[in-house]
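Novice: Here the sequence shown is numbered in this note's numbering, starting from 350 and rising by one per residue.
Even glycine gets a Cβ: it sits at the ideal position worked out from N, Cα and C.
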Amino acid sequence: VERENPNGILEHVKVRKLKFENTEIENQRLAGDEGIPLYSICLKNLDENRLYLEKKSWQNHVTYKSYTKLTREECEKILNGDLEWMKTHKKSLCRDFYLQYTINNLRPTRVREYEREIGKCKDNNYITFNLNIRTALDKNVDLFAEEIDMMDCLSEDKVAVSYKKETKIPRVIANVLHIGNEQLNELATA
């Protein structure tokens with residue numbers, strides 16, 4: 350990181366995630382089924398302007414993520430089970446989430462919080478250091494609360510490290526895959 354990032358600047362962020370799953374899907378994913386996407390509502394640094402819906406999927410041991418921004422009002426509707434507005438939403442990720450939520454009976458799980466330092470490297474690559482990972486003790490917590498009772502999931506003397514390579518889908522390929530312009534724009538701004 351120091352060699353590829355001579356400024357030595359590490360971005361420090363706190364990300365709260367609320368996954369949407371059901372027990373059967375979670376068990377299939379844990380058993381290695383890569384074909385099942387994972388949806389989460391994510392909140393960075395408790396900033397409502399950095400609130401988004403994330404879709405995470407896997408293929409050939411490579412993780413793919415797509416994002417779309419949410420407002421707090423949209424988030425609260427989702428958390429209250431009001432998703433009908435997503436059925437015909439202009440953003441394809443919202444429509445996709447609506448289908449998965451209704452067909453697969455997805456429901457929110459526990460809030461998980463990640464304290465991270467991110468070092469950007471050359472060629473849009475970066476290394477993420479998860480310094481702390483915590484899970485809410487109660488399922489029914491306010492995602493936006495300043496303080497949540499949580500338990501540590503990572504030992505104090507451990508750091509979870511991951512290397513990530515950011516890739517943008519070229520417009521020509523996106524058109525072949527039928528990814529709309531709004532999703533490309535969302536990917537660029539997330």
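Counting beta carbon pairs with one atom in the segment 453 to 472 and one in the segment 364 to 381, are three or more of them shorter than 8 Å?
Specialist: The segment 364 to 381 is in contact with the segment 453 to 472.
Novice: Any idea which residues DSSP pairs H413 with across the strands?
Specialist: Note that residue 413 is Tyr in the sequence shown here, rather than His. Its beta-bridge partners are S406.
Novice: Considering only their Cβ atoms, is the gap separating I385 from S546 smaller than 9 Å?
Specialist: No answer is possible for residue 546: it lies beyond the span of the chain, which begins at 350 and ends at 539.
Novice: How big is the Cα-Cα spacing for L486 and F493?
Specialist: Roughly 15 Å separates the two Cα atoms.
Novice: For a quick check, are the C-beta atoms of A509 and I476 less than 9 Å apart?
Specialist: No, these two residues do not count as a Cβ contact at 9 Å.
Novice: G468: which of L392, E425, K514 sits nearest, CA to CA?
Specialist: Of the candidates L392, E425, K514, the one whose C-alpha sits nearest the C-alpha of G468 is K514.
Novice: Rounding to the nearest angstrom, what Cα-Cα distance links D445 and N409 in this structure?
Specialist: Computed Cα separation, rounded: 22 Å.
Novice: Only counting runs of 4 or more residues, tell me where the alpha helix (DSSP H) segments fall wholly within the segment 401 to 485, in order along the chain.
Specialist: Segments of the alpha helix (DSSP H) lying fully in the segment 401 to 485: 421 to 428, 441 to 452.
Novice: From G392 to K426, what distance separates their C-alpha atoms?
Specialist: Just to set this straight, residue 392 is Leu in the shown sequence, not Gly. Cα-Cα distance, rounded: 15 Å.
Novice: Could you name the residues of the same chain whose beta carbon sits closer than 6 Å to that of E423, not counting the 5 residues immediately before and after it, in chain order?
Specialist: Counting only Cβ-Cβ distances below 6 Å, and skipping sequence neighbours, we find nothing.
Novice: Roughly how many angstroms separate the alpha carbons of N454 and T372, rounded to a whole number?
Specialist: Approximately 10 Å, taken between the alpha carbons.
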